[in-house]
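Right, one structure below, let's go through it.
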Amino acid sequence: MSKAGNPYLRCYLGEAANSVRKHIPEYADFYARKYAEVTKHQHKRALALTSRKLVRLVFGLLVKNQLYTGEKLDTEYNIESN
Numbered sequence: 009m010s011k012a013g014n015p016y017l018r019c020y021l022g023e024a025a026n027s028v029r030k031h032i033p034e035y036a037d038f039y040a041r042k043y044a045e046v047t048k049h050q051h052k053r054a055l056a057l058t059s060r061k062l063v064r065l066v067f068g069l070l071v072k073n074q075l076y077t078g079e080k081l082d083t084e085y086n087i088e089s090n
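For what it's worth, the working numbering labels the leading residue of the sequence shown as 9, then goes sequentially.
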């Protein structure tokens with residue numbers, strides 16, 4: 009994991025991803041798949057990738073000005089079109 013950026017934000021994103029993986033089945037499945045892919049640093053890697061997925065979700069929600077409903081977002085949004 010890159011050490012660039014705010015260390016507090018990285019920590020809080022990790023905590024948020026850990027909470028999301030416990031409460032949302034889609035994220036729990038994603039975490040389990042990534043955990044099983046490697047033999048070293050399994051939790052840390054899977055949590056970092058889950059954090060990344062969570063950031064993409066939050067960004068999409070903010071850009072589209074939507075609330076989270078549990079449904080998939082339309083990924084065909086082009087930021088430059090606005």
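For each residue, glycine too, the CB sits at the ideal point set by N, CA and C.
Beta-carbon proximity list for residue i, same chain, < 7 Å, skipping 5 on both sides
i     : result
Asn90 : In this prediction, Asn90 has a pLDDT of 48, which is less than 50 and means its spatial position is unreliable; nothing more can be read from the coordinates.
Arg53 : Lys42 and Val46
Neighbour-count burial assignment, residue i, 16 or more Cβ in a 10 Å radius
i     : result
Tyr39 : buried
Ser59 : buried
Ala12 : exposed
Tyr16 : exposed
DSSP three-state assignment for residue i, whether helix, strand or coil
i      : result
Gly68  : helix
Ser112 : Outside the displayed span of the chain (9 to 90) sits residue 112, for which this structure offers no information.
Closest residue to residue i among the options (Cα-Cα distance)
i     : options                       : result
Leu62 : Leu21, Ala12 and Lys11        : Leu21
Glu23 : Leu69, Leu55 and Gln74        : Leu55
Val66 : Asn14, Tyr16, Cys19 and Val28 : Val28
Residues of its chain near residue i, where Cβ-Cβ distance is below 6 Å and the 5 sequence neighbours each way are ignored
i     : result
Leu57 : Lys42
Other residues of its chain near residue i: CB distance less than 8 Å, five sequence neighbours each side excluded
i     : result
Ser10 : none
Leu75 : Leu69
Pro33 : none
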